Structures are given as structure tokens and as C-alpha cells.
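>
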Amino acid sequence: MSEHPLIELIDIHKAFGPVQALSGASLSIMPGEVVGLVGDNAAGKSTFMKVLTGVHQPDSGEIKVNGERVTFRDPGESRRTGIEMIYQNLALAPNLDVVANVFLGRELLRNPLSLPFLSVLDEKLMEHKTIELLQRLKINVKSVRLLVEKMSGGQQQAVAIARSVAFEAKLVIMDEPTAALAVKEVGKVLDIINNLRADGVSVIIISHRLQDIFNVADRIIVLQTGKTIATRKTKETTMDEIVKFIVGGVQPELSTIASGR
Amino acid sequence: MSQKTDTAPDASRTGIASQFRFDLNGLGMVFIIIALCIVFSWLNPNFYSGTNLRNVARQTAILGIVACGQTIVILSGGFDLSAGMVIGLISVTSSLIMIDHGLVIGCLSAIGIGLAIGAFNGIMIAKAGLPAFIATLAMYSAARGLALIISGGLPITDMPFEFGWIGAGQILTLPVPALISLMVFLLCSFLMVKTRFGRHVYAIGGNQDSALFSGINVDRVKILVWSLHGGLVGLAALVLTSRAVSAHATLGEGMELESIAATVIGGTALGRGRGSILNTFLGVVVMAILTNGLNLINVSSYYQMVAIGIIIATAVYVDQFKRVKS
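Residue numbers (the working numbering), protein chains in the order written: chain A, 21 to 281; chain B, 26 to 351.
1) Kindly give me the distance between the Cβ atoms of Ile229 of chain B and Gly102 of chain B, rounded to whole angstroms, as I take these residues to be in contact under 8 Å.
2) Cα separation between Asp117 of chain A and Ala338 of chain B?
3) With DSSP run on the structure shown, which of helix, strand or coil describes Phe137 of chain A?
4) The beta strand (DSSP E) that contains Gly96 of chain A, what's its start and end?
5) Contact criterion: CB-CB distance below 8 Å. Does Ala182 of chain A meet it with respect to chain B?
6) As a quick exercise: from A:Met171, A:Gln244, A:Phe36 and A:Arg89, pick the residue whose alpha carbon is nearest that of Glu28 of chain A.
7) I'd like the list of long-range same chain contacts for Leu57 of chain A, defined as Cβ closer than 6 Å, with 5 residues on each side in sequence excluded.
8) Using the C-alpha atoms, what's the distance from Val206 of chain A back to Asn198 of chain A?
9) So with CB distances below 9 Å, who are the chain A contacts of Ala228 of chain B?
10) Which whole-angstrom value describes the C-beta separation of Ile175 of chain B and Val117 of chain B, a residue pair presumed to lie in contact below a C-beta threshold of 8 Å?
11) Does DSSP put Ser176 of chain B in a helix, a strand or coil?
12) Using beta carbons (cut-off 8 Å, strictly below), is Val206 of chain A in contact with chain B?
13) The alpha helix (DSSP H) that contains Gln244 of chain A, what's its start and end?
14) Leaving out the 5 sequence neighbours to the left and right, which residues in its chain are closer than 6 Å to Glu278 of chain B when beta-carbon positions are compared?
15) Look at Glu3 of chain A and Gly74 of chain A and say whether their C-beta atoms are less than 8 Å apart.
16) Residues bridged to Ala45 of chain A by DSSP?
17) Is Val324 of chain B helix, strand or coil when you go by DSSP?
18) How long is the line joining the alpha carbons of Pro38 of chain A and Phe68 of chain A, rounded to whole angstroms?
19) Chain B partners of Leu47 of chain A, CB-CB under 9 Å?
20) Runs of 4 residues minimum, wholly inside the segment 291-339 of chain B: which ones carry the alpha helix (DSSP H) assignment?
21) Note down the Cα distance separating Ser134 of chain A from Val140 of chain A, rounded to an integer number of angstroms.
22) Nearest to Val55 of chain A by alpha carbon, out of A:Ile266, A:Thr251 and A:Val263?
23) Tell me whether Ile159 of chain B sits in a helix, a strand or coil according to DSSP, three-state version.
24) On the three-state DSSP scale, how would you describe Ile249 of chain A?
25) Between the beta-carbon of Asn235 of chain A and the beta-carbon of Leu210 of chain A, is there less than 8 Å?
26) In whole angstroms, what is the alpha-carbon distance linking Gln40 of chain A and Lys34 of chain A?
27) Note down, in chain order, each residue of its chain lying with its Cβ closer than 7 Å to the Cβ of Tyr227 of chain B, except the 5 sequence neighbours on either side.
28) Taking Ala352 of chain B as the reference, give the member of B:Leu179, B:Ile142, B:Gly194 and B:Ile181 with the closest Cα.
29) Secondary structure at Gly222 of chain A, three-state DSSP: helix, strand or coil?
30) Cβ closer than 7 Å: which chain B residues qualify as neighbours of Leu141 of chain A?
31) Check whether the Cβ of Leu129 of chain A lies closer than 8 Å to any Cβ atom in chain B.
32) If Ala352 of chain B sits next to Thr288 of chain B, beta carbons under 8 Å apart, how far is it from one beta carbon to the other, in whole angstroms?
33) In chain A, which residues lie with their C-beta within 8 Å of the C-beta of Ala236 of chain B?
34) Going by C-alpha to C-alpha distance, which of B:Gly296, B:Gly154 and B:Ile336 sits closest to Gln95 of chain B?
35) Mapping the DSSP letters down to three states, classify Gly231 of chain B as helix, strand or coil.
36) If we define contact as Cβ-Cβ less than 8 Å, is Gly298 of chain B a contact residue for chain A?
And the structure:
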């Protein structure tokens, strides 16, 4: 592992009018690390991640990428740094096939006649690259020309993940990736997350399903009322301990607030 | 349902065939068209005469042009109720311009006014956030009023003689309106299947939020869609005015509903981003054959309206039934 964390968020504060959504949220993640972000409803998980994706700008605090301080003024800037977020239910167009979805908004073109304004979609190349991508992530689909709406929830989630890492993503943030899935499909999504890690991609996974987090995450970070109150290596903690942090039965530890690690 | 998901590696078995391919739905339509042809030919042998078929093509061309634009609008998640009245407005304004400034400028003005009205519809929908139903209903009323104000409710007939060629002329025995319509179909089909613009229209129709999230400029694409449709409505107005040899405020009356009907009968679904220009081509052909065939066997146009209504409902029902089953 490299010396610098891939991403660091240090002591982030953010208020919406009188509501203090974040008051000292911190997090760091190494390349190829999977971090679970947990907390009660309204603990600030979504706002925290929207600061990282450039949707919200923090009132104070630092964001560092590879040790260098950055600011994200909009989602485009964050995405260009290699940060991708998969939102619940927002990722895919159901009436398009897998290839079209993977390349949506970033279609590859060719210009067979070499005339201006006559570029057409390069279907063959996009199809080829999609197959390659799915093989790399060990995602099985019947055909990359299958409409997304004809696929199961788990497969749709797999396509959404593939799409997010298709373009050199270094960090993928997943918001409840297993919430809407049948039990037997959850395992497949977790497998894909493991494959991403093996590929050197970092993953932040937000989930209410603690068993999924314990299954796949290297580290767990607990947010409570907008503050990072605990960070634990998955191997060194128990579900009981994490639940206590979430519901507020354990006092925050000063050391974790300071470092976020 | 998904017991087979693990068996196949992700090889693509279907090649570059995509959801836009000539699918079973289209094939079913072709069978219906053949069946209709056989039945009507049996009932009245005049049906398959060259003269009659050329007539059908000439009559249907205008519906075809409007239906192309309507289909693209519907694929993007909207629909246009104003097309018929806008045809009337463009018919009278561009005819007056043609009388004053000549044939070429008159023709260009028809397309130009169409583009402008379409863009205005698009801005009402994309930027001001009006539902397509409301925006185009407003345009329906406004266009109708303007057309009647400008024309005084009277037909306009002093256009140059050569203008008649667009509606009545032929090239190699093929009617000019049908050739124009065919070119519009080919161009629109190319746009929707082969280009990034078409892909983005489908994406917006399927899931606007995901299109937005994918970095597609949704507002811009929508305004382009409506402008393109407007330009085609202008073209249709031009052909229709030429064919009627006079401009009139109510020339395109009913065209909005007919174009939606042809789109829906072809299998393009309202509001879900499913369907294609090819589907609409088949829908237009079915409507044309049906209308002509019923005319030839002396079924009154009142009964024809009832028949079209039943067919629209049946087409959508069958489409939904197929979707639930699969």
C-alpha cells in the first residue's frame, strides 16, 4: 500500500441554515480499501458523501486526494479526480441495453465518412469494451445487449457498479447497494466489491445491513449527529460494539475524532 | 426467472443487434399489413391498382412526416397536442410570405416558423417546467387563434403556380410527398439509432434522472427534440398546403391525434422511451391501408373513426400484455 491515503476528509463541517448537518466528520481511505460508513438515519452519511462528490461544498474542513488538498466545486470536478458515486435507483436507463448504459453520456463515436457532424455511435467498440469490463470484474450477464429492465435487481446493481468503474475510477461510493436485493443476489454484489478491491479500486459502502458491511469492509466508520465517533478495523470489532456506537450508547473517542482513522 | 444468469459467460450472442433492431413486434405489424392488403384486395380489386396505391402514399405522406416528429417527442417522454393547429398557423403565414416574397423564401419560412414554434414548446417544457400536455394545449389554442386572426378565417389561394408541384408532382411516377416523407423517415431513423443525440433521447425517455446523472444536458436535448419536431411540422404544413392548393387556418385539424395514434399503433409507448421510427412507419402504413381500404368498401368515415379508436386501445393492450408476460 502506498504511503498516502487515496482520499482524506478532515473535520468537515456543513450547515444548512440552522441545521448543522456535519460537525466534525472525518474519513480516510487507502487505495484498494473497502470502508463501511454506518450511522443512524440523519447521522449525516449522505451529506458527508455529497461533500466528497462535490454536490455540497463544506463550510470548513479539508479534502485531500493523494495527500494534496483539493476543492470540488461541482460533481464534475470530483468525477474527474476518479470519484464515482452510485445512487439508489438513479444509475441506469431501463429501456437501454447494458452497452448503452455503461457508455451513457460518454458514447464512443466513429466517423466513417470523415465528414464533420456525421459521427455515429461506435457500437462494436463499445460492445467490445463492455464485455472486457464485465470480464475483468467477473460479472456474468446473458448478453451485453440485454435491456437492463429485463435483468434482476442484483444484475442491475452489477451493471451500475461496472458503469461507475468503466472510466478509471479510483474510488466508488455505493449508497445502500444491497438494500433492494433478494438475499441470494446480495452475495454476488459483495463478490463484485471484492473484485474491485483486488483491482486496486477503493470502495465506500453505505448500508443499513451491518452483516454486509462486516462481510466486505476492511474498516468501519461510524457517524453520529454529523460527527465521526468511531473507526474500527472489521477484524477487531463486533457487531454489538458497532451497534452501540450507532445508537449512541458509547461515548465518542477523542483520538478517532482527531485523526478519522 | 433468472436461473440461467450464471450459465453463460458474458459473450454477446446477439452481435450488434440492439433493442432498436427489427424485433418481433415489427414482424407482427408486417403480417398485419399483408393480411389487410389481402383482405381489401379481395373485397375490392381496385385496392392493389398502382393508381390507388400511389394515392394512398400521397395522402399518407403528411401524416408520416408529422408522426416522425411526434415519435421522437414521445420517445423523449413528451407528446404534442399542438401539431394540427400549428400546421394551420404555418400554412397561412408562410403562404402570405410566399405571395409577397416568392416561392423559396415562402418554403424556408414554413420550416423556420416550425423550428421556432417547436423551440418555444421545448423551452416551455424543459426550462419553465410545464407538463407537455399543458404547454402544447396552450400552443394549440394560441396557434389556432393566431391562424384565424392572420387569415381572417378565409382560405389563401394566390400562391405561385409552381408551388403545386410539392403536393401534386411526381418523380419517376412516385408522388413527391411520399418521397419527402420517406426521406424524413430515413433521416429520423438514422438520427435515433445511429447517433449520440438519439441515444440521449432514449435515455431521457427511459429515466430522466439517470440521464442527468450521466452528464447528459437534458434541457438542451429536449429543446432540440421539440425544435426538430417543429421543423417537421413546418415541412408537413408546406406539403399539405401545396396539396390543398390553398392555405387555411384549420388545414391540419386532427393531425395531432392522428400522429399520436399512428405512433401508438406502431408500438411506441407513451412515456417510457420504448419504440422506434421504424415502428411508427409501420403504424402509419397500417392506418393508411385501413382508411383507404374501408373507403373503397364504402364504410363511412364515422365508422372509421370508431375503428381507429378500437385499434388504438387494442394495440396498447396487446403491448402491455406482452410486456407483463416477458
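Yeah, the Cβ is synthetic: ideal placement off N, Cα and C, and Gly gets one too.
Being a predicted model, the structure only gives us computed values, none of them experimental.
So, from the listed chains and residues:
1) 6 Å
2) 28 Å
3) coil
4) Careful: Gly96 of chain A lies outside any beta strand (DSSP E), inside the alpha helix (DSSP H) at Pro95 to Arg100.
5) no
6) A:Arg89
7) Lys65, Ile224, Ile226 and Ile241
8) In the sequence as displayed, the identity of residue 198 of chain A is Thr instead of Asn. Whole-angstrom Cα-Cα distance: 6 Å.
9) Ala113, Asn115, Leu116, Ala120, Asn121, Leu124 and Gly125
10) 5 Å
11) helix
12) no
13) Unbroken run through Gln244 of chain A is the beta strand (DSSP E), Arg239 to Gln244; no alpha helix (DSSP H).
14) Gly109
15) This structure gives no information on residue 3 of chain A, because the portion of chain A shown stretches from 21 to 281.
16) A:Ile32
17) coil
18) 17 Å
19) Going along chain B, no residue has its Cβ under 9 Å from Leu47 of chain A, so there is no contact; the nearest lies around 23 Å.
20) 302-321
21) 11 Å
22) A:Thr251
23) helix
24) strand
25) yes
26) 6 Å
27) Leu100 and Gly298
28) Within the shown structure, residues of chain B are numbered from 26 to 351, placing residue 352 of chain B beyond reach of any answer.
29) Sequence inspection shows Ser at residue 222 of chain A; the Gly mentioned does not correspond to that position. It is a strand residue.
30) Lys219, Thr220, Arg221 and Arg224
31) yes
32) Examination of residue 352 of chain B is not possible in this model, given that chain B is present from 26 through 351 alone.
33) Ala113, Leu124 and Gly125
34) B:Gly296
35) helix
36) yes
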